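Heads up: the sequence shown begins at 17 in the working numbering, then just goes up one per residue.
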Amino acid sequence: MNTRGLRSQLKDSVPVTGFCPHGSYGVQDTLRSGFSSVKNEILPSHPLELSEKNFQVNQEKMNFATVRNIQGLHAPLKLQMEYRAARQIQRLPFLQSSNLALDTLRNSDESIGFEDILNDPYQSELMGEPHMMTEYQLGLL
């Protein structure tokens with residue numbers, strides 16, 4: 017029996033922890049990533065859908081260009097630093113963060129939009145064990 021060939025076949029079939037797309041055994045980790053949806057994996061069905069997904073990014077770019085033309089180079093750099101600092105303020109991983117500081121900087125705290133009414137974080141199906149989610153975010157698991 018050729019043990020060298022068998023050993024190389026076994027070595028190639030062992031899953032590597034960091035490279036598996038779903039979990040350590042090839043199964044989706046529903047606790048951390050939520051339920052899978054086929055809708056999220058298909059291409060956009062309408063040309064405007066992609067534009068709507070990138071609306072906030074495009075609006076920020078346009079605002080930064082306008083501020084740069086009016087006030088100079090330092091103004092958009094200062095705003096970007098403030099945005100970055102406001103994005104880093106988060107609650108624990110198992111609690112939803114309101115991002116109030118970021119909404120105030122974007123001047124969207126006084127407007128009511130579609131996501132404010134129909135995207136209530138307390139009605140989401142993604143909730144897990146607090147200790148496990150915190151350890152996962154810190155990289156301890």
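All C-beta atoms, glycine included, are put in the ideal place defined by N, C-alpha and C.
Computed from a prediction, not measured in an experiment: that's the story for all the values here.
Boundaries of the alpha helix (DSSP H) in which L116 is found, first to last residue: L116 to R122
Taking the alpha carbon of E68 as the point to measure from, which residue in E131, F110 and Q153 has its own alpha carbon closest? E131
Straight-line CA distance for F71 to Q153? 28 Å
Runs of alpha helix (DSSP H) wholly within the stretch 50-99 (minimum 4 residues, chain order): 54-57, 63-69 and 71-87
Short Cβ contact (8 Å threshold) for S113 with Q104: no
According to DSSP, is R103 part of a helix, a strand, or is it coil? helix
Thinking C-beta only, is A102 closer than 8 Å to L118? yes
Rounded to whole angstroms, what's the CA-CA distance from L156 to L111? Just pull it up for me. 19 Å
At what residues does the alpha helix (DSSP H) containing Y152 begin and finish? P146 to L154
Using the beta-carbon count (16 or more within 10 Å), is M149 buried or exposed? buried
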